[in-house]
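Counting from 4, one number per residue, gives the positions in the sequence shown under this note's numbering.
Yeah, the Cβ is synthetic: ideal placement off N, Cα and C, and Gly gets one too.
Remember, it's a predicted structure, so these values are computed and weren't measured experimentally.
To start, the structure itself, in structure tokens.
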Amino acid sequence: MARFTTEAKVGLVVLIGVAFLTYMTFKVGGYRFGQEEGYQIYAEFDSVAGVDLKTPVKIAGVTVGTVERIDLSDTKARLTLRIKPEVKIRKGAQTLIRSAGLLGEKYIEIINPEGDGTGTLSETPEPSDAQPSQRPSSWLVPRDLIQEMAVWFEQLGPNPAYADEAEAQQPAGRDSFVKEGEVIEQKGKSADMDQLINQLNAISDDLKAVSHTLKEVLGTKEGEKSLQEIIRNIQELTRNLKDVVKENRGNLTKTVANLEEFSKFLKESGPRLLESLNQITDKVERGEGTLGKLIEDEEIYNRLNGTLADVKRVTEKIRSGEGTVGKLIFEEEAYNNLNSTLKSLGTTLNRLAALRVFVSFRNEYQLDTSDNKGYFSLRLQPQDYKYYLIEVADEPRGRVIKTTTDTTTTVPPSPVITTTIKTERKLRVSAEFARRFGDVWIRGGLVENSFGMGSDYDLLGDHLRLSLDAWDFNSEDPEMEHARLKFTGALSFLKYFFVQAGYDNILNKKVDTFFVGGAIRFEDDDLKYLLGSVSGGASTVFK
């Protein structure tokens, strides 16, 4: 049998040592081959600063798992927790990041719902893991104290997180546990030293401001003087109260005496009052008097009963939809018709309220013929971009009569033809619709008893208006061979007044004329409601 050489022995020892070190490395480090034991759950936090992989997960101070992975989910940090298979976590549990000390390492604390106890363990934990739970629950390490103080400071102001915390901590069913892959919510907000320092600084600033205010109020000579004045006023008030009591001691004595007399009167007259009440009660029981008859008289009772029966029948008819009131209340069609009528009435009233009514009077003096032409205008404007114009004009050439006379004479030339033209005033009516496009108005309709149209151009913020009108395209006036064309320029001032000038009958040279004039225009709110009532009455009549 061959013996091992020295090299073989050394190699064997090295292999055994490597195998032992490998085993101890995986044993002490907790490494596993293949699928690790336990199940995965998730926890989301606003911040996981200071939390690393393998950070312990604890329930009531007992380590029940570790942090296996750290990811970012939207704006929150998501931790993947590996929990021991024997540990069961109740539904509704919440997580919180804690520290073992002021500068100690952080761990994840799982807080079960109140009344459900902690997670269930099937075996006793190791002594090293159970040490944190041996201290009293009322004792806090410095880091936990900081977190509790930070939460307390947050509760001083409105924090929506605490409004939902009570609902979130409601215990789930006894048999309801967190399953693998589910997410546990964060309990409140994670507190840190910076947050506590900031809140303490804010409180310190507030206290400093209060003390500074008190110093300014009371620390100056004026403040000291004011405080002394307040004390003097209080002393004076107490002194005045003392004097008032001294001066009115007699009145107080009289008041007490009056109370004694009143009580004595009640003592003496009380039996008589009780006897009177008994007599009244007896009369009511015998049916005497109005109240007695109402209670004891059978006829009055029957009348009242009949009245109540009639009321009952009326209410039953209303409930069954009979009559006007019943149909109005219970029939959908009547309700819809009433609702539609009210809506239409509301729309009409709204439009009537938005309607603007302008009344104007103007006069034009024709320079070539020395005639005056007057106008009365009613402008109904439901919107800023449109209006309706009703106008009556006193036209000097309202009626034109042409007379031709043929005269035969013995003296040449013969015959002699004489033509006479006579004009008469006549009222002419206009009814136009106008719509605005920017600074330009376009009008059309009936213009002085004939079809016509016109346009207005507003300048200088609607203070200057240039107008051009055309109408009477087939005139019966023998001296008007073309349509009547009129140009007008009007300037407003003092809100209600206008001055104007223009050129009328531009295309007919026989009767063309320049004119000047003025106008007054005002808005009348009463007239629009009068027009509304007249139109409503007219619609009722025609219906």
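Enumerate in chain order the residues of its own chain whose CB-to-CB distance from residue i is below 7 Å, with the five nearest sequence positions on each side excluded.
i, result
"VAL287", "LEU294, GLY295, ILE298"
"GLY292", "LYS286"
"GLU526", "ARG359, VAL360, PHE361"
"ALA22", "none"
"SER323", "GLY329"
"LYS513", "GLU482"
"THR69", "LYS57, THR58, PRO59, VAL60, ARG85"
"VAL16", "none"
Take residue i as the anchor and find which of the options has the nearest alpha-carbon.
i, options, result
"PHE48", "GLY464, SER76, ARG252", "SER76"
"GLU467", "ILE92, LEU494, ALA356, LEU269", "It is Leu, not Glu, that sits at residue 467 in the sequence shown. Nearest of ILE92, LEU494, ALA356, LEU269 to LEU467, Cα basis: LEU494."
"GLY520", "TYR378, ASP442, ASP480", "TYR378"
"ARG402", "GLN202, GLU479, ILE237", "GLU479"
"GLU71", "LYS94, VAL65, GLN97, GLY41", "GLY41"
"LEU497", "LEU370, ASN511, ARG524, LEU488", "ARG524"
"LYS618", "VAL248, SER50, LEU430", "This structure cannot settle anything about residue 618, because the visible part of the chain is limited to 4 through 546."
"LEU381", "VAL395, ASP371, THR58", "VAL395"
"ARG81", "ALA11, GLU188, GLU482", "GLU188"
"ALA63", "LEU99, LYS57, ILE73", "LEU99"
"PHE476", "LEU488, LYS245, LEU221", "LEU488"
"LEU471", "PRO481, ASP459, HIS485", "ASP459"
"ILE73", "PRO88, ASP55, GLU301, ASP246", "ASP55"
"SER363", "THR8, TYR499, THR223, PRO88", "TYR499"
"LEU383", "ALA260, LYS315, LEU276, ASP529", "ASP529"
"LEU533", "PHE454, LEU355, ASP374", "LEU355"
Does the distance from the C-beta atom of residue i to that of residue j stay below 8 Å?
i, j, result
"ASP397", "LYS425", "no"
"VAL67", "ILE86", "yes"
"ALA522", "ARG365", "yes"
"ARG446", "GLY464", "no"
"PRO385", "ALA357", "yes"
"VAL60", "ILE19", "no"
"ARG428", "GLU451", "no"
"GLN97", "LYS190", "yes"
"ALA46", "ILE111", "yes"
"LEU230", "LEU221", "yes"
"ILE321", "ILE303", "no"
Leaving out the 5 sequence neighbours to the left and right, which residues in its chain are closer than 8 Å to residue i when beta-carbon positions are compared?
i, result
"SER504", "Rather than Ser, the amino acid found at residue 504 in this sequence is Ala. For ALA504, where only same-chain residues beyond five positions count, the Cβ hits under 8 Å are THR491, GLY492, PHE517, PHE518, VAL519, GLY520."
"ILE234", "none"
"ASP515", "ASP371, TYR506, ASP507, ASN508, ILE509"
"ALA486", "ALA473, TRP474, ASP475, PHE476, SER478, LEU510"
"LYS245", "none"
"GLU232", "none"
For residue i, I'd like the list of residues in its chain whose CB is within less than 6 Å of its CB, leaving aside the five on either flank, ordered along the chain.
i, result
"GLY53", "LYS109"
"TYR506", "PHE490, PHE517"
"GLU336", "none"
"ARG252", "none"
"THR344", "none"
Would you call the segment 434-454 in contact with the segment 382-397, where contact means no fewer than 3 C-beta pairs closer than 8 Å? Contact holds: three or more Cβ-Cβ distances are below 8 Å.
Whole alpha helix (DSSP H) elements within the segment 267-314, 4-residue minimum: Complete alpha helix (DSSP H) runs here, min 4: 292-299.
Hey, which unbroken runs of the beta strand (DSSP E) at 3 residues or more fall wholly within the segment 470-543? Unbroken beta strand (DSSP E) runs of no fewer than 3 residues, entirely contained in the segment 470-543, are found at 487-496, 500-507, 516-526, following chain order.
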